[in-house]
Every structure is written in C-alpha cells, then in structure tokens.
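Here my numbering is used: the first residue of the sequence shown is 923, the next is one more, and so on.
Written below as structure tokens is the structure these notes are about.
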Amino acid sequence: MSSKKLVLGIAVGVAAIAVVGLIVAKKKSKKNKLSEKALEARDNFKSKLNELQRKAKKEFNSALEDGEALANKAKDRANEWAHRVNP
C-alpha cells in the first residue's frame, strides 16, 4: 500500500468522522431548541392557567357576594310582609 493511499484513506476517515460529528451536533442542537420551546410553552401555559384561576376565584367571590345580598334583601322583604300580616 502506498503512502498516498494511506494518507488519502486517513483523510477520508477524518472527513467522515467530521461529517458524523456535525450531524450529531445538529441533531442535539435541534433537540435543545425543541426542549427550550417545550419549556417555554409549559411556563406560558402555567402562567395563563394561574391567571384564569385568579379570575375565576374573583368572579366566584363576586357572585357569592351578590347572592348573599339578594338573600338578605329577600329575607328583609319576607320580614316586612310578616310584620304587615301580624302587627
């Protein structure tokens, strides 16, 4: 085997390893980007869910207060009518 063929074989081997290295690095880069986007989407979802929970709690408390006010108003009217009937 001549030294030219040996050098050519080594060069081809090194080039092949370099190409494989680039492909693997590119796949890892894509995987990292995908992972980052997934984490970002998760954080965004959590944030929106927390905001929705806060708004729902606020609406619930408001409805509860309105219900209590209506119940008190109905109770007062019932007492008025009861006093009219039984003075």
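Beta carbons: idealized from backbone N, C-alpha and C, even for Gly.
All values reported here derive from a predicted model rather than from experimental measurement.
Between the CA atoms of residue j and residue i - distance to the nearest angstrom
{"i": "residue 933", "j": "residue 940", "result": "10 Å"}
{"i": "residue 957", "j": "residue 980", "result": "35 Å"}
{"i": "residue 973", "j": "residue 963", "result": "15 Å"}
{"i": "residue 1005", "j": "residue 997", "result": "12 Å"}
{"i": "residue 975", "j": "residue 993", "result": "27 Å"}
{"i": "residue 966", "j": "residue 959", "result": "10 Å"}
{"i": "residue 910", "j": "residue 999", "result": "Residue 910 cannot be examined here, being either before or after the span of the chain that is shown, 923 to 1009."}
{"i": "residue 945", "j": "residue 955", "result": "15 Å"}
{"i": "residue 952", "j": "residue 935", "result": "26 Å"}
Cβ-heavy atom distance, residue i to the ligand ATP, below 7 Å
{"i": "residue 929", "result": "Annotation note on the ligand ATP: not contained in the displayed structure, which lists no ligands."}
Note to self: Which complete alpha helix (DSSP H) runs does the segment 936–992 hold, if anything under 4 residues is left out?
What the structure shows: With a minimum length of 4 residues, no continuous alpha helix (DSSP H) run stays inside the segment 936–992.
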